[in-house]
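Structure first, then comments.
Residue numbers (the numbering used here): 2 to 101.
Here it is, written out as structure tokens:
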């Protein structure tokens, strides 16, 4: 954010754990937006390929997990039946991985 080059690593089990780790390290919550840019820039978050993504139906277990996650983050008012899930089938644009 200040224009200084900082070389560092951050070890977490997943991209979502990165936010918790940064807060535990003392990062102020108002700086998290910039931290999210860093997480995405370091490719800690995979994105589904837009060329081969297809909608997949939710299982009952996945619907329950989504409801619990929304409740945990304070978004229990969101209608979880309107949330759609997608997957990448793989194509030449994503080197047959389904992700970019």
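Just so it is clear, CB atoms sit at the ideal spot from N, CA and C, and this is done for glycine as well.
Model, not experiment: these values are computed from the prediction.
Which listed residue (the options) has its alpha carbon closest to that of residue i
{"i": "residue 68", "options": "26, 55, 83", "result": "83"}
{"i": "residue 17", "options": "33, 72, 77", "result": "33"}
Straight-line Cα distance separating residue j from residue i
{"i": "residue 13", "j": "residue 47", "result": "15 Å"}
{"i": "residue 53", "j": "residue 63", "result": "22 Å"}
{"i": "residue 98", "j": "residue 89", "result": "7 Å"}
{"i": "residue 55", "j": "residue 92", "result": "12 Å"}
{"i": "residue 58", "j": "residue 25", "result": "36 Å"}
Under the three-state DSSP convention, the category residue i falls into
{"i": "residue 86", "result": "strand"}
{"i": "residue 49", "result": "strand"}
{"i": "residue 56", "result": "strand"}
Same chain, Cβ closer than 8 Å to residue i, five either side skipped, listed in chain order
{"i": "residue 11", "result": "19, 22, 23"}
{"i": "residue 86", "result": "56, 57, 58, 59, 63"}
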